[in-house]
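For reference, each letter of the sequence shown is one residue, going 16 to 366 in my numbering. Ideal Cβ placement from N, Cα and C applies to all residues, glycine included.
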Amino acid sequence: MPTDPLWLPTLSYDETELRLMDLSLVMADGTARGARPGLRPGDPGMAVTLAGTTVNVSAGTATLYRSGQGLYRAQLAATSPGTLVAADASFSRIDLVYLRVWDTAVDASGLRKADAVYLPGTPSGTPAAPNPGATEIYIRLATITVPPTGSGGTGAATVSSAVRQVTVAPGGVLPVSSAADIAAAGTYVGQVRYNTARAMLETWSGTAWVAPGDWTAYTPTWTASVTNPVVGAGGSLTGRYTVIGKSVTVLISLLAGSATTYGNGEWAFSLPFAAANIGTAARQWLGAALGIVPGSAYWPGTSQVESNTSVVRALSPMTAAGSANARWAAAVPQTWASGHQLNIEITYEAA
């Protein structure tokens, strides 16, 4: 069905059309014609405070969203939505302060206005903030926790803005701090947010929020040039990597078990990403390797990733200092047995 595009001459628009077209101005919520409502990051407006028992809300502006109705933009002058209800003698209570838009087309209120609302909660041993009515168009501004006056309590109320939600323009960096926001999935691959709990920028990969320097587990494949080894019962082979740009740092740990077999030929361990092609095989990346016989010996070595390959190997001198290096295998640099450990670390350029 045809619609009226915005800002064309001779057309007239109703309020719902305008609100729906305003959806393109704010962050999406992952649904068609959806939006994330809230206040602007860094905007001190609509702050909730207490002056004695008077609840105050400072002047400010915000966006509100209602499915099918689009985006409401509202502003308030400084106001007091009510007086704090007296504390209960036995139980704590959590009250809610929120911004509401009255739209008679939605709520049949006969009103078209915006105001701040103070909604007292219910005293309880496990208090929770109340929810506004199902037909209300609103965003939460703050909660007020009111402790009991009995059992030596003072009944002194405290204000928390943890429920206050912020929003940004499409593509903007959204600061997140609440548990719900931190746990929420992204809406598109490449979306960036600032996680205040970690003090880090994170990017949505399509399955998880990741930050530069985050470590990811993977399981390397252990091969040999003739016959492949088998980790077997009692053994373990684990890997972890972190990526910044094209730089990949890898840690690999092998613990030999009672059923581990060591194959025949030079060992290799798969990388999480193929190495870049930087020219001839003489060009390669070097790192560290360490073989451990617990309580007995340490065998230091070098880890090696060659250009345009997908594996890392370890090598070390066979005998005295100055002798040629050999790649690790079933009997290099020692005869491997149950309980022995191998550790590899290397940083290389991904393809």
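task = Measure the alpha-carbon distance for residue 113 versus residue 79 and round it to whole angstroms.
result = The alpha-carbon of residue 113 is positioned some 11 Å away from that of residue 79.
Margin query: Within 10 Å of its beta-carbon, does residue 25 have 16 or more other beta-carbons around it, so buried, or fewer, so exposed?
Written below: exposed
Hey, out of 41, 346, 75, 365, whose CA is closest to residue 279's CA?
-> Ranked by Cα distance from residue 279, the options 41, 346, 75, 365 are led by 346.
Any idea which residues DSSP pairs residue 284 with across the strands?
-> 237, 327
Could you please give the first and the last residue of the uninterrupted beta strand (DSSP E) stretch that includes residue 255?
251-259
When the Cα atoms are used, what is the spatial distance from residue 238 to residue 343?
If you take the alpha carbons of residue 238 and residue 343, they lie about 12 Å apart.
Note down, in chain order, each residue of its chain lying with its Cβ closer than 6 Å to the Cβ of residue 124, except the 5 sequence neighbours on either side. 117
Note to self: Taking 8 Å as the threshold (C-beta atoms), are residue 274 and residue 248 in contact?
What the structure shows: yes
**OP:** Examine the Cβ distances between the region 144-162 and the region 33-40 and report whether three or more of them are shorter than 8 Å.
**Re:** Touching, no, given that fewer than three Cβ pairs across the two stretches are closer than 8 Å.
*Expected contact under 8 Å - CB spacing of residue 66 and residue 91 to nearest Å*: Not confirmed; about 17 Å, so no contact.
- Query: Would you say the region 349-366 touches the region 250-267, given that touching needs at least three Cβ pairs under 8 Å?
  - Reply: yes
*asked:* So the candidates are 355, 326, 330, 101; which of them puts its Cα closest to the Cα of residue 366?
replied: When C-alpha distances from residue 366 are compared across 355, 326, 330, 101, the shortest belongs to 326.
Cross-strand partners of residue 44 (DSSP beta bridge): In DSSP, residue 44 forms no bridge with anything.
#### Entry: Separation of residue 184 from residue 42, as counted between CA atoms
5 Å
Beta-carbon gap between residue 154 and residue 110 smaller than 8 Å: no
* **Inter-stretch contact at 8 Å, needing at least 3 Cβ pairs: the region 132-140 / the region 190-202** => no
Residues bridged to residue 263 [DSSP beta-bridge criterion]: 258, 363
Note to self: Less than 8 Å between the C-beta atoms of residue 89 and residue 68, yes or no?
What the structure shows: Not in contact: residue 89 and residue 68 (Cβ atoms no closer than 8 Å).
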